[in-house]
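Presented below is the structure to which this report refers.
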Amino acid sequence: DQQVKQNSPSLSVQEGRISILNCDYTNSMFDYFLWYKKYPAEGPTFLISISSIKDKNEDGRFTVFLNKSAKHLSLHIVPSQPGDSAVYFCAASTGTASKLTFGTGTRLQVTL
Amino acid sequence: SAVISQKPSRDICQRGTSLTIQCQVDSQVTMMFWYRQQPGQSLTLIATANQGSEATYESGFVIDKFPISRPNLTFSTLTVSNMSPEDSSIYLCSVVGQGKGYTFGSGTRLTVV
């Protein structure tokens, strides 16, 4: 039972354009959501998070949107840069200090 | 945020043997998490390790196969026992960050031959 899903396994975006990565979840008990970036041979790197009391959180080029009624969140990267090319995972938890449930990942390729 | 030192970074092991993975954190943390990422898959939680108590295992993972030690608030080990090729994965430890999400170690890439 995949409680967190990323339906797009890959995404290709031109440099300077917006990258939009999507994530859906099924467990209504999730109230804390995170995005991670992962390069090969490295551990995941935290990007941005959002709690269920908000619908938007912004940090530099990264913005996360949460639609609780649709159980959907998205990560926007503007502008996209070649160094953003990596696998992006969304993750969810109940509370800010409990285990994470990860999505299946989306491989982002930013082209010149 | 916490810094995690994880080792070994990679290993190739014979089937039937065991490998112990270590994670050292530069600050005291209550909970440490152990994850597995099988090839082409997402990260799956193996267990949660609390200092002073037995680890809590997720469905599908058992202590005999993945024994965990947590002797203090900065250190934990995960052992992969009696390995088979299906255990070939990346193993990662993680701790709760200070308002910066969860911090992960750099991972151990295990290949079982």
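Top line first, the protein sequences correspond to chains A and B. Heads up: take any position in the first sequence, counting from 1, add 2, and you land on our numbering. Heads up: take any position in the second sequence, counting from 1, add 2, and you land on our numbering. Built from N, CA and C at the ideal position, the CB exists for glycine as well.
field: Rounded C-alpha distance that separates Glu-17 (chain A) from Gly-62 (chain A)
entry: Roughly 17 Å between the two C-alpha positions.
Opposing strand residues paired with Arg-12 (chain B) [DSSP bridges]: When DSSP reads this structure, Arg-12 (chain B) sits in a beta bridge with B:Arg-111.
- prompt: Once you ignore the five residues that flank Gly-107 (chain A) on each side, which residues in its own chain have a CB closer than 8 Å to its CB?
  reply: Within the same chain, Gly-107 (chain A) has close Cβ partners Gln-8, Pro-11, Lys-40, Val-89, Tyr-90, Phe-91.
Per-residue contacts from Thr-106 (chain A) into chain B (C-beta, under 8 Å): Taking the beta carbon of Thr-106 (chain A) as reference, the chain B residues within 8 Å of it are Gln-43, Ser-44, listed in sequence order.
message: By the 9 Å beta-carbon criterion, what residues does the segment 89-104 of chain A contribute toward chain B?
response: Answer set for the segment 89-104 of chain A: Phe-91, Ala-93, Ser-95, Thr-98, Ala-99, Ser-100, Lys-101, Leu-102, Thr-103, Phe-104.
field: Distance, Leu-80 (chain B) Cα to Ser-51 (chain A) Cα
entry: For Ser-51 (chain A) and Leu-80 (chain B), the gap between their C-alpha atoms comes out near 28 Å.
message: Based on DSSP bridge pairs, tell me the residues matched to Ala-88 (chain A).
response: Paired residues: A:Leu-110.
- request: If I'm right that Gly-97 (chain A) touches Tyr-34 (chain A) with Cβ under 8 Å, what's the distance once you round it to whole angstroms?
  value: Correct: roughly 6 Å between the Cβ atoms.
query: Residues bridged to Phe-32 (chain A) by DSSP?
result: DSSP lists no beta-bridge partner residue for Phe-32 (chain A).
- prompt: If Leu-21 (chain B) and Tyr-37 (chain B) are in contact, beta carbons under 8 Å, what's the gap, nearest whole angstrom?
  reply: About 16 Å; that fails the 8 Å criterion.
Cβ-Cβ separation, Phe-104 (chain A) to Leu-45 (chain B) (assumed contact under 8 Å), whole Å: In this structure, Leu-45 (chain B) and Phe-104 (chain A) form a Cβ contact; the two beta carbons are roughly 4 Å apart against a cut-off of 8 Å.
message: Using only CA atoms, which one of B:Pro-10, B:Ser-86, B:Ala-4, B:Ser-96 lies nearest to Asp-28 (chain B)?
response: Of the candidates B:Pro-10, B:Ser-86, B:Ala-4, B:Ser-96, the one whose C-alpha sits nearest the C-alpha of Asp-28 (chain B) is B:Ala-4.
- prompt: Looking only at DSSP bridge pairs, what is Val-6 (chain A) linked to?
  reply: Bridge partners of Val-6 (chain A): A:Tyr-27.
query: Which residues, in chain order, does the segment 28-45 of chain A contribute to contact with chain B at a C-beta distance below 8 Å?
result: Answer set for the segment 28-45 of chain A: Leu-36, Tyr-38, Ala-43, Glu-44, Gly-45.
Cutoff 7 Å; reference Thr-58 (chain B); Cβ partners in own chain excluding five residues on either side: Exclusion of the five residues before and after Thr-58 (chain B) leaves Ala-49, Thr-50 as the residues of its chain whose Cβ lies within less than 7 Å of its Cβ.
- request: Could you tell me whether the Cβ atoms of His-74 (chain A) and Asn-24 (chain A) are closer together than 9 Å?
  value: Closer than 9 Å, so yes.
Whether Asn-52 (chain B) touches Lys-67 (chain B) by CB criterion (9 Å): Contact: no.
Members of the segment 45-64 of chain A that neighbour chain B once the beta carbon cut-off is set at 7 Å: Residues of the segment 45-64 of chain A with a C-beta atom less than 7 Å from some C-beta of chain B are Gly-45, Pro-46, Phe-48, Ser-51, listed in chain order.
task: Would you kindly work out how many angstroms separate the C-alpha atoms of Gln-26 (chain B) and Ile-55 (chain A), rounded to a whole number?
output: Annotation: Gln-26 (chain B) to Ile-55 (chain A) spans about 34 Å, alpha carbon to alpha carbon.
- request: Find the residues of chain A that neighbour Ser-108 (chain B), judging by a C-beta separation of less than 9 Å, and give them in chain order.
  value: The contacting residues are Ala-43, Glu-44, Gly-45.
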